[in-house]
Structure formats: structure tokens, C-alpha cells
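I have placed the structure first, in the form of C-alpha cells, so that the comments after it can refer back to it.
There are 6 protein chains.
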Amino acid sequence: MDKNNESRFERGTRALSDIDGEGGRKVVDSLADIAPDFARYIIEFPFGDIYSRPGLDLRSREIATIAALTALGNAAPQLKVHIQAGLNVGLSRDEIVETIMQMAVYAGFPAALNGLFAAREVFQEKHSLAA
Amino acid sequence: MDKNNESRFERGTRALSDIDGEGGRKVVDSLADIAPDFARYIIEFPFGDIYSRPGLDLRSREIATIAALTALGNAAPQLKVHIQAGLNVGLSRDEIVETIMQMAVYAGFPAALNGLFAAREVFQEKHSLAA
Amino acid sequence: MDKNNESRFERGTRALSDIDGEGGRKVVDSLADIAPDFARYIIEFPFGDIYSRPGLDLRSREIATIAALTALGNAAPQLKVHIQAGLNVGLSRDEIVETIMQMAVYAGFPAALNGLFAAREVFQEKHSLAA
Amino acid sequence: MDKNNESRFERGTRALSDIDGEGGRKVVDSLADIAPDFARYIIEFPFGDIYSRPGLDLRSREIATIAALTALGNAAPQLKVHIQAGLNVGLSRDEIVETIMQMAVYAGFPAALNGLFAAREVFQEKHSLAA
Amino acid sequence: MDKNNESRFERGTRALSDIDGEGGRKVVDSLADIAPDFARYIIEFPFGDIYSRPGLDLRSREIATIAALTALGNAAPQLKVHIQAGLNVGLSRDEIVETIMQMAVYAGFPAALNGLFAAREVFQEKHSLAA
Amino acid sequence: MDKNNESRFERGTRALSDIDGEGGRKVVDSLADIAPDFARYIIEFPFGDIYSRPGLDLRSREIATIAALTALGNAAPQLKVHIQAGLNVGLSRDEIVETIMQMAVYAGFPAALNGLFAAREVFQEKHSLAA
């Protein structure tokens, strides 16, 4: 990788670690054996390009991501990573729960229910780790 | 409708008008001949119950809705209503564009593209009305 | 086509005409230039195999189809064909509207709204034809 | 909650218990710690407002819900609750299987297959309980 | 079943076994108790009609199926069967991984990630079987 | 943009023009006023990173994209661009039609039907341009 890719990669690595913390690193590591280039793309595009942009704060970006993943309803592991990410960037549990509940209006009650159950798992893990 | 339904209905009517303005009223009116009760439900549940809750500000709620409708990609008219609603509650055009662009990561580039084209239509209508 | 395909084909043609009437024939004809075999498959599998099965009456089958197409929200032309089909097999306008409204619970309010607008178009066409 | 909310709540509680039985109560209870208000909304809107409406019988309403959840394919737990609900309101196993099989036409064979596997689980649980 | 249905059924059985091997047979067998007719439809329509058509080679057909199931993101078991099917008809692991990675562009990074994890499971099972 | 971004950008611009031709350029140009950075991302990530990768030929990549966009069913304009792209990279009309028809198995008949209608539009435009 030449200098500029390093800089996108470095910027993305920093953003991934600031936002997703452990969860993000685990996803990237889990790709090492099957698709290492895809791990690099995740760091460079979503985190190096998108999340690093000015113009929308990280709290708003995580609200958008939690809303979208709850509504799509087919990416439970990634939703849990971003519920944790929401807490990491300063969203309260209430703000996350409100965001997920609102999805009942746009994607139906089952999508919102499954999002709330994902949130409970994340909150409980966090609690037991804190204990 | 007895007193309490009136109060949910009144609260929802106020929220619908504060948030969606003209767009919301048009949607409700458009249901008068086919499903008037559904028009009432839209006022009572999404707006009287959900958007009226404390715990998440309206700017964040519209970011969540714009993100979800962009990601789902099958509700263009409602996305346009909520892009306008986002402007109504104080989101900047940049914040709306950033929210939609971010959906390329979670729902693919076509969903984000179609969201950006919806935003352009809303921004242009607003501009021409202002002119 | 040998005898048995004719029999599936004939059974499907009868079912298609009983259920979808004009709308079904138009869809099949519209495939003649691009994918004639697909027109045959539509007649043979959905109509010759599935809709011709005993065990669920046609009214219930059209309720299932109207519900699914409203919830999926990405097949407006087919939803309109099946709203007409619902009327053809004896569903009342109210039963169709109730089915679509219920989808707000499972697929969100925008999906239900767009389904209701499709129903209004079909009901109005029917009305103007009747006039 | 004042009188009318109680009445929506009471009507919804009765409908939830008539339709979903144990399954519904479990879902509502499971929300107590994370989003108690959402448990109330589930009782009030889907069950107090929608399922309590005249104009479509409960057997037809469950066919619509089983069809939609099978087609959407991203809410397996809720599909299982409503397959049980279908049995509770008088649908036969055959009618439920026919409804799910038909979804192969509108949402593809994998969605129908996963719906059939959900039905088998529900039928087997019921059988073993009955044994 | 008369002669021609046998021939669709036989052609489909051959195609199912050539393409999906064990995985396909298991799916069909798993339907014996709940929906035996659906097992027959899977053999007759997807395999007897579609996969048996000239005009697109099996490698291309499996690329199309792996792409679609990755993008839809709600049919993990069927995606795994078709990743194995891709290997059976001569796709390399790299070609399968490239197909899945590309879906990040059209269905988002979570859909591609979950597709890659499904591929890893299939490749590892194959490896351990080979060991 | 420093040297390396230029190189990703240049590689992507070449790939976009080889694959999508006019259609791709139009999409990129259409973003100039609303989200110019997103136009750059489309060139850099999908085309500069993904489509430029060795390991899967462009014909296979377009089969994957046509399959996915047909199955998702919520991005008709992008599907049309990629049906044209398929012709540009050497797919025959038959191969494109076979790919779309196969999606009836994985995403249902309406998704395949709407894909076939998109293909007809593209083939007709091409024909009339050729005339």
C-alpha cells in the first residue's frame, strides 16, 4: 500500500477503533483467512471515507446505522456491533431504544422487536462486563 | 372518538403538522376516501405515540427515518416527505445528504443513489417555491 | 408440449383466467417477445400447480398474495393485478383494505400506505369501467 | 392511563390472548426490562386497533400475517408465534402449509422453505405438548 | 405421475444431484413430513425447468444464485447449499468470494460480510471432510 | 487528490467507462450538484476497487449484479444500467434473460417479471439506437 492508501487505511483504522472498538476489530480479524482485502475495504471505505467525513456527528451517524440495520432486519450481528458503537460514541441506552422503537413505524413491529432484543443482549453483556 | 383518543389525536395532529407540514396533511387527506381510519392511525400511533415521546429529539428522529427509508428503498414518496420533514425540524441539507450517503455502506450504492435523487427533488422544489 | 404439459398448461390457463382475468392475460402476452418460456412457467407453476391446489380457497389465496406483495413493497404492478384478482374471486373492497392496513404492523406504515394507494387506483379503474 | 387508553389496552390484551395465547404474552413480558412502553404499543395498536377491527375475520388476518412474515423472511420468531396463532384461531395445518408454499411464487423458494421449517417446529412442539 | 411429469421430475432429480449433491437431497428429504408436494415442486421447477435450460452454463447460474442469496440476506441455509453447489459445478473459492464481496456494492457491507462467513463455514466443512 | 487517489480514481474511471459506458457517466454527472463526493466514491470503490479486481471476469461480475438487482427489486434504474453493462462486456441477450428468469426461484415471480420488463426496455432502446 502506498502512502495515500496508508492514510485512508490509517484514518479508517482510527475511526473503526474509536467507533466500534473491540467489535470492529473482531470483524476485521475474522476476515483474515477468507477475504483479507475485504477487511481492508471495510476500514478504508465505511470508516476511512464515510464515518470520517465532517458534516454529520458520530452520534447522528450511529442513530442512522442503528435505524437502518433494525429496519433491514437481516444483519443482527452488525446491528449489535453498532448498538455497542452507539454507546461508545455517547448515545444513551434510551436514545438507542427510542431509535429502534421508531422503526416499528417504518419496517414493522417484528423488525423493531428483534432490534430491541439485540439491544438487550448488548446492554446485558456490557453490564456483566462492568460487574 | 372519546376524550382520550382526541388527546392522542390532537397530540398527533400537532406533531404531524410540526414535522411533516404540508406533506403530512396531504398524505392524511389522500386517505379520506379509501381508508379514513388508517389516516387516524397514522396521526395517533406514529405521531401521537412515537414522535411525541421525549428521549430522542426530532432532528435525531428524522435522521433515523431518512436512513431507514433510504435503506429499505421501497418507499420513495415517504422518503421525500421525511427529507422535507428533516429540513422542517432543522436538519441542514448537508446533514441529510450525509445520512443518505452513509446508507451505501448498509444497503448498497443503488439505495443511496436513489435516496440522493429523492433529496435533490425535494431541495429543488423547496428552492423553486422560495424563488 | 406433450400431453401432460398441456394439462398443467390448460389447468393453469383456466386458473389464470378465473383469478386474474384480463390482468393475467396481459402479463402473459407482454412476455411473448422477451421471454415466452417464462410466460409458460407463470401459467404452469403459480397457476397450474399452486393456485389449482385444494386445501386453501381462492379468497384466502388472494388475501395471502395481497398481504405479501404489500409487505414486500417492490412489486406495485403485480399488487394491482392481485387486488383486482381479489375482487374477481369474491373479496370485498373492505376485506382488501383491511388486509393491506394490517401490513402496517408487519412491514411498516409506508408499505401499507402504498398498498392502499394501489387499491384506490384499482377500485377507481373498476368504477370508471362500470360507469 | 385514563379510561380510554385502558379500553384500547383491555381490548388489545383480550385480542392478544385470544390470538397469540402464550406466545403473545411471552413477547410482551420479554419487553418489561428493555422497553415496557413498546409492550403497551403492541397491545394497543396491532391488537387493540387492527386485529380488533370488524371487516376481516381472524382466520383471514392470520393467513395475511403468515404470508407476509414468510415473504419478508427476516422475522422467524414472529412467524412461529403467528403459525401458532393461526392454529389458535382455527386454521388447519394444511391451510397454513398451503399459505406458506404459495409464498414461493411471490418471495422465492428459500423464503417458502424457511417458512415450512418454522411450521414444522411449531407443529412438533404442539404435538409433543399434546403427547 | 404420468410420463411427462416423470420426465420433468427425473430431469430435475438429475440436475439437483449434479448441482447441489448431498445438500439438495437433504433439503428435499427434510420436506417429506411437512410438505412432500413442495419437495416435488423444488425438483420440477427450479431444477427440472430452470437449471436444466440451455443458454446459461451452471457456473454462471450458481454465480447468479450466490449473488442473489447474499444480497437478499435472509436465506443463510440456502446460501450455504449454493456455495457448495458453486464448488460442485467448478467455481473456485476465489470466484465465490469475489461474487460475495461484490454484493457489498449492491446490498451493503453487512450482507457481504454475512455471505463471506457462510462461505468460510462451507469451505471449512469441505476441508475437514477432505482431511 | 494526491497521486494514489488519482490512481484509484483513474482506474475506476476506466472501469466505469468500459463497463457502464454512457449510463455510468450519466449517473456520475447527475450527482455533481447534490453529492459530488459520492460520485467520486462510486468511481473509486465499486469500479476502482471491486470491478478492477482479478479473480472474476467482467461477464461473471455483471451476471452477479443483474441477479442481485433483479432479486432486490428496488433499484430499477441501476438494473437497467447493468443490463446494458452486461451487453457491453459481452453477455448475450439470452444470457441476461436466463439470469433474470432464474431469479423467480430465489426472489419470486414478480421480481423476475419486473427484471424482464427492464431488460426489454434496454434491448428496445439499443435496437432503436441501432436502427
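Residue numbers (our numbering), protein chains in the order written: chain A, 1 to 131; chain B, 1001 to 1131; chain C, 2001 to 2131; chain D, 3001 to 3131; chain E, 4001 to 4131; chain F, 5001 to 5131.
Every residue gets a Cβ at the ideal spot worked out from N, C-alpha and C, and that includes glycine.
Option nearest residue 5043/F by Cα separation, candidates 5020/F, 5057/F, 5090/F, 5092/F | Walking along the sixth sequence from the start, residue 5043/F turns up at place 43. Per the Cα distances, 5020/F.
Report yes if the CB atom of residue 4108/E is closer than 8 Å to the CB atom of residue 1119/B, and no otherwise.
-> Numbered from 1 along the fifth sequence, position 108 holds the residue referred to as residue 4108/E. Numbered from 1 along the second sequence, position 119 holds the residue referred to as residue 1119/B. No, Cβ-Cβ distance for residue 4108/E and residue 1119/B is not below 8 Å.
If we cut at 8 Å on Cβ distances, does residue 2036/C have a partner in chain I?
-> The structure shown contains no chain I; its protein chains are A, B, C, D, E and F.
Spell out whether any CB of chain D is found under 8 Å from the CB atom of residue 4096/E.
-> The sequence position of residue 4096/E within the fifth sequence is 96, counting from 1. False, the Cβ-Cβ gap to chain D never drops below 8 Å.
Can you list, in chain order, the stretches of the alpha helix (DSSP H) that have 4 or more residues and sit fully within the stretch 4037–4061 of chain E?
-> none
DSSP state of residue 2074/C, grouped into three classes?
-> Residue mapping note: residue 2074/C aligns to position 74 of the third sequence, counting from 1. Residue 2074/C: coil per DSSP, three-state reduction.
Would you kindly check if the distance between the Cβ of residue 5102/F and the Cβ of residue 4067/E is under 8 Å?
-> Here residue 4067/E refers to the residue found at position 67 when the fifth sequence is read from its first residue. Here residue 5102/F refers to the residue found at position 102 when the sixth sequence is read from its first residue. No, they are not a contact pair.
At a CB-CB cut-off below 9 Å, which residues of chain F make contact with residue 1101/B?
-> Residue numbering aside, residue 1101/B sits at position 101 when the second sequence is read from its first letter. Per Cβ cutoff of 9 Å: 5035, 5037, 5038, 5041.
With a Cβ-Cβ cutoff of 8 Å, do residue 4081/E and residue 4027/E count as a contact?
-> What you label residue 4081/E is simply residue 81 of the fifth sequence in a count that begins at 1. What you label residue 4027/E is simply residue 27 of the fifth sequence in a count that begins at 1. It is a contact, given that the beta carbons lie within the stated cut-off.
Around the C-beta of residue 4055/E, are 16 or more other C-beta atoms found within 10 angstroms, so that it is buried, or is it exposed?
-> Indexing the fifth sequence from 1 puts residue 4055/E at position 55. The residue in question, residue 4055/E, is exposed, as its Cβ has fewer than 16 Cβ neighbours within 10 Å.
How about residue 3071/D and residue 2104/C: are their beta carbons less than 8 Å apart?
-> For the purposes of this step, residue 3071/D is taken as the residue at position 71 of the fourth sequence. For the purposes of this step, residue 2104/C is taken as the residue at position 104 of the third sequence. No, the Cβ-Cβ distance between residue 3071/D and residue 2104/C is not below 8 Å.
Cβ-based contacts, 9 Å cut-off: residues of the stretch 5060–5092 of chain F near chain C | 5072, 5073, 5074
Candidates 4096/E, 4121/E, 4114/E, 4077/E: closest to residue 4023/E by CA position = For the purposes of this step, residue 4023/E is taken as residue 23 along the fifth sequence, with counting starting at 1. Selected option, being the one with the closest Cα: 4077/E.
Hey, would you say residue 4032/E sits closer than 8 Å to residue 3110/D, going by beta carbons?
-> For the purposes of this step, residue 4032/E is identified with residue 32 of the fifth sequence, where counting begins at 1. For the purposes of this step, residue 3110/D is identified with residue 110 of the fourth sequence, where counting begins at 1. It is not a contact, given that the beta carbons lie outside the stated cut-off.
Check whether the Cβ of residue 4120/E lies closer than 8 Å to any Cβ atom in chain A.
-> Mapped onto the fifth sequence, residue 4120/E falls at position 120. With 8 Å as the cut-off, residue 4120/E counts as an interface residue toward chain A.
Give the straight-line distance between the Cα atoms of residue 4057/E and residue 40/A, rounded to the nearest whole angstrom.
-> Locating residue 4057/E in the fifth sequence gives position 57, counting from the first residue. Locating residue 40/A in the first sequence gives position 40, counting from the first residue. About 33 Å.
Quick one: give me the first and last residue of the alpha helix (DSSP H) that residue 100/A is part of.
-> Counted from its first residue, the first sequence places residue 100/A at position 100. Residues 93–107.
Spatially closest choice to residue 2093/C from 2010/C, 2122/C, 2025/C, by CA coordinates | In the third sequence, residue 2093/C corresponds to position 93, counting from 1. The residue with the shortest Cα to Cα distance from residue 2093/C is 2122/C.
Measure the C-alpha to C-alpha separation of residue 2098/C and residue 4053/E and round it to an integer number of angstroms.
-> What you label residue 2098/C is simply residue 98 of the third sequence in a count that begins at 1. What you label residue 4053/E is simply residue 53 of the fifth sequence in a count that begins at 1. The alpha-carbon atoms of residue 2098/C and residue 4053/E are separated by roughly 42 Å.
Would you please verify whether the beta carbon of residue 3002/D is less than 8 Å from any beta carbon of chain C?
-> For the purposes of this step, residue 3002/D is identified with residue 2 of the fourth sequence, where counting begins at 1. Low confidence applies to residue 3002/D: its pLDDT is 49, below 50, so where it sits in the model is not reliable enough to give any reading.
So what's residue 3035/D in DSSP terms, helix, strand or just coil?
-> Here residue 3035/D refers to the residue found at position 35 when the fourth sequence is read from its first residue. Residue state, collapsed to three classes: coil.
So, does the CB of residue 4015/E fall closer than 8 Å to a CB anywhere in chain A?
-> For the purposes of this step, residue 4015/E is identified with residue 15 of the fifth sequence, where counting begins at 1. Not one chain A Cβ lies under 8 Å of residue 4015/E.
From residue 3083/D to residue 62/A, what distance separates their C-alpha atoms?
-> Locating residue 3083/D in the fourth sequence gives position 83, where the first residue counts as 1. Locating residue 62/A in the first sequence gives position 62, where the first residue counts as 1. Straight-line Cα distance between these residues: approximately 35 Å.
Minimum C-alpha distance to residue 2045/C - residue among 2087/C, 2016/C, 2086/C = Reading the third sequence from its first residue, position 45 is the one you call residue 2045/C. Of the listed residues, the one whose Cα sits closest to residue 2045/C is 2016/C.
Work out the CA separation of residue 3079/D and residue 3096/D for me, nearest whole Å.
-> Residue numbering aside, residue 3096/D sits at position 96 when the fourth sequence is read from its first letter. Residue numbering aside, residue 3079/D sits at position 79 when the fourth sequence is read from its first letter. So the two alpha carbons sit approximately 11 Å from each other.
Proximal residues of chain F, C-beta to C-beta of residue 49/A below 7 Å = Position 49 of the first sequence, counted from the first residue, corresponds to residue 49/A. By Cβ distance, chain F contributes 5041.
Under 8 Å between C-beta atoms, does residue 1109/B make it to chain D?
-> Locating residue 1109/B in the second sequence gives position 109, counting from the first residue. Answer no: the Cβ-Cβ gap between residue 1109/B and chain D never drops below 8 Å.
Counting along the chain, where does the alpha helix (DSSP H) carrying residue 5021/F start and finish?
-> Here residue 5021/F refers to the residue found at position 21 of the sixth sequence. No alpha helix (DSSP H) holds residue 5021/F; DSSP gives it neither H nor E.
Can you find a CB in chain B that lies within less than 8 Å of the CB of residue 3009/D?
-> As a position in the fourth sequence, residue 3009/D is number 9, starting the count at 1. No, because no Cβ of chain B sits closer than 8 Å to the Cβ of residue 3009/D.
Can you give the Cα-Cα distance for residue 1112/B and residue 5073/F, rounded to whole angstroms?
-> The count along the second sequence starts at 1 and reaches residue 1112/B at position 112. The count along the sixth sequence starts at 1 and reaches residue 5073/F at position 73. Approximately 15 Å between the Cα atoms of the pair.
Buried versus exposed call for residue 49/A [16 or more other C-beta atoms within 10 Å across all chains shown] | Counted from its first residue, the first sequence places residue 49/A at position 49. By the 10 Å Cβ count, residue 49/A comes out buried.
Under 7 Å by beta carbon: chain B residues contacting residue 5031/F | Taking the first residue of the sixth sequence as 1, we reach residue 5031/F at position 31. Result: 1116.
Contacting residues, own chain, Cβ-Cβ under 6 Å from residue 3085/D (five flanking each side not counted) | Along the fourth sequence, read from residue 1 onward, the residue named residue 3085/D stands at position 85. Taken in chain order, the residues that qualify are 3019, 3020, 3062.
So with Cβ pairs under 8 Å, would you call residue 4028/E a contact of chain F?
-> Taking the fifth sequence and counting its residues from 1, the one referred to as residue 4028/E is at position 28. Residue 4028/E does not count as touching chain F.
Whole angstroms is fine: what's the gap from residue 5013/F's alpha carbon to residue 87/A's?
-> By one-based count along the sixth sequence, residue 5013/F stands at place 13. By one-based count along the first sequence, residue 87/A stands at place 87. Their Cα atoms are separated by approximately 39 Å.
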